[in-house]
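Q: Before anything else, here's the structure in question.
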């Protein structure tokens with residue numbers, strides 16, 4: 016895949032870039048290693064000052080970088096601006112909280128008395144250069160939610176971004192440099208996916224984090240396992256959205272539309288499988304389909320647009336295959352389901368009903384504005400349908416019954432359970448999945464400690 020900006024609204028190639036050669040990659044690895052030796056000794060106060068400056072610069076750049084993101088991968092520009100604002104927020108959160116989150120932990124003298132220690136403590140130390148392999152769907156946020164905690168912990172970052180968002184990738188490197196971070200603290204590697212394996216095998220790279228597809232995660236995990244290196248993986252998702260009879264149906268249907276089509280439906284944490292109790296199924300379906308039909312699909316740079324084009328022509332083709340397979344196997348199309356005429360990689364908001372287990376869309380992730388509707392007889396069946404997936408990133412539950420909430424929290428196989436609302440990441444809350452959605456956590460104190468050397472310090476009597 017070429018490293019290029021191709022506008023998904025019309026298919027026009029705007030900029031192309033040459034992949035870095037071996038000599039340039041080696042220079043950057045050397046720089047990362049050398050920078051880490053000194054950057055690791057900087058104070059939290061100094062790191063926080065730099066990260067606050069980066070957040071301020073990002074706020075100033077918000078309009079411009081939003082247009083770049085929209086032009087590169089097609090998200091509505093209003094959502095691109097919100098993404099930039101969220102990135103500044105997570106920078107400030109880690110700048111303000113990192114020292115507390117990574118403070119020494121000291122057990123009581125009584126607890127360690129029989130260890131022979133007069134004193135013992137746990138210290139969080141940085142690991143070194145961390146390779147981040149990041150996707151195109153949230154081209155700013157996915158990177159910053161790694162970079163902010165990594166830099167505050169004293170690590171340095173090497174970014175291999177998706178090949179269709181090179182301008183965003185280069186902007187991120189420039190942003191951190193303008194903020195005052197030394198040149199080797201955060202570097203963008205303009206490389207193809209074929210170069211990842213060799214870089215990950217390099218002894219100077221101490222760990223890796225990947226957000227992306229299951230095959231990409233398997234490849235990185237396999238190499239990291241062979242080299243005995245720490246990884247965090249955030250992979251695909253096919254999140255359930257369960258609606259029970261006690262729910263506010265109007266509100267549940269309204270939020271369901273946003274939960275499905277956010278980022279043009281190209282989000283791992285977007286709700287994709289809508290599992291509705293039979294007593295309220297018809298009422299929910301009517302409102303949900305009406306909401307999907309009412310969305311404005313069009314130019315992603317227009318302020319009124321709700322849904323823009325998919326990021327790539329292949330992505331649209333893959334989505335069409337899932338819908339066509341479901342239709343051939345008996346699914347009913349309640350709205351959408353047909354590629355529109357004209358330029359760009361657009362696909363309409365689509366709702367499918369009568370989903371069967373043998374359909375590909377039941378077990379594969381639909382990365383676009385396509386929702387599947389399921390009817391559940393009771394809570395037990397709702398849980399069975401929700402868990403009948405290889406993925407387990409997050410989940411959404413709508414009910415006013417506290418006993419039902421307890422059951423869903425206990426039984427749903429997911430990294431998060433959002434009650435009476437849609438899944439959304441927040442700096443203070445850990446984020447990640449189970450099953451084939453990956454392992455490890457980002458954000459919160461859990462995220463910043465993922466790439467720390469958790470060191471036991473023991474003092475003799």
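Numbering (the working numbering), first residue to last: 16 to 476.
The C-beta atom is built at its ideal place from N, Cα and C for all residues, glycine as well.
What you are looking at is a predicted structure, and each value in this text was computed from that prediction instead of being measured.
1) Using CA atoms only, rank isn't needed, just tell me which of 261, 309, 280 is closest to residue 394.
2) Just tell me which of 136, 192, 82 has its CA closest to the CA of residue 66.
3) Rounded to the nearest angstrom, what separates residue 258 and residue 249 at their Cα positions?
4) Return the first residue and the last residue of the beta strand (DSSP E) that residue 30 is part of.
5) Which first and last residues belong to the beta strand (DSSP E) in which residue 183 is found?
6) Counting only the same chain and skipping the five closest in sequence on each side, list residues whose C-beta sits under 6 Å from that of residue 421.
7) Tell me whether residue 202 sits in a helix, a strand or coil according to DSSP, three-state version.
8) Using only the alpha-carbon positions, how far apart do residue 224 and residue 45 sit?
9) In the DSSP assignment, the beta strand (DSSP E) including residue 226 goes from what residue to what residue?
10) Name the two residues that bound the continuous alpha helix (DSSP H) containing residue 59.
11) With a threshold of 16 other CB atoms inside 10 Å of the CB of residue 399, please say whether the residue is buried or exposed.
12) Ends of the alpha helix (DSSP H) at residue 230?
13) Comparing C-alpha positions only, which one of 407, 95, 290 sits nearest to residue 157?
14) Can you say whether residue 457 is buried or exposed, counting buried as having 16 or more other CB atoms within 10 angstroms of its CB?
15) According to DSSP, is residue 432 helix, strand or coil?
16) Using only the alpha-carbon positions, how far apart do residue 379 and residue 468 sit?
17) Within its chain, find whatever has a CB closer than 7 Å to the CB of residue 267; leave out the 5 residues flanking it on each side and keep chain order.
18) Enumerated in chain order, which unbroken segments of the beta strand (DSSP E) with a length of 3 residues or greater are wholly contained in the segment 242–290?
19) Using DSSP bridges, identify the partner residues of residue 449.
20) Since residue 148 contacts residue 211 with CB under 8 Å, what's their CB separation in whole angstroms?
21) Counting only the same chain and skipping the five closest in sequence on each side, list residues whose C-beta sits under 6 Å from that of residue 397.
22) Tell me, which residues are paired with residue 368 by DSSP?
23) So the candidates are 143, 307, 123; which of them puts its Cα closest to the Cα of residue 52?
24) Flag this pair as touching only if the segment 116–134 and the segment 174–192 have three or more C-beta atom pairs under 8 Å; answer yes or no.
25) Which value, in whole angstroms, describes the spacing of the CA atoms of residue 295 and residue 384?
26) Under 8 Å, with one C-beta from each stretch per pair, do the segment 184–191 and the segment 73–88 reach the 3-pair mark?
27) With respect to the beta strand (DSSP E) encompassing residue 389, which residues constitute its N-terminal and C-terminal limits?
28) Could you give the residue range of the beta strand (DSSP E) that holds residue 475?
29) DSSP on residue 457, reduced to helix/strand/coil?
30) For residue 473, which residues from the same chain have a beta carbon less than 6 Å from its beta carbon, with the 5 sequence-adjacent residues on both sides left out?
31) Identify the continuous alpha helix (DSSP H) that holds residue 164 and give its terminal residues.
A: On the basis of the data shown:
1) 261
2) 192
3) 26 Å
4) 27–32
5) Premise fails: residue 183 lies in the alpha helix (DSSP H), 181–194, not in any beta strand (DSSP E).
6) none
7) strand
8) 20 Å
9) Per DSSP, the continuous beta strand (DSSP E) segment holding residue 226 begins and ends at 222–226.
10) It spans 59–88 - the alpha helix (DSSP H) in which residue 59 sits, taken as one unbroken run.
11) Answer is exposed; the Cβ neighbour count stays below 16.
12) 229–242
13) 95
14) buried
15) coil
16) Residue 379 and residue 468: Cα-Cα distance of roughly 36 Å.
17) Around residue 267: 258, 299, 413.
18) 245–249, 254–258
19) 407
20) 6 Å
21) 257, 290, 391
22) 347
23) 143
24) no
25) Between the alpha carbons of residue 295 and residue 384 lies a distance of about 23 Å.
26) yes
27) 385–391
28) 467–475
29) In the structure shown, residue 457 adopts extended strand secondary structure according to DSSP, grouped into three states.
30) 132, 135
31) In this chain, the alpha helix (DSSP H) harbouring residue 164 covers 156–168.
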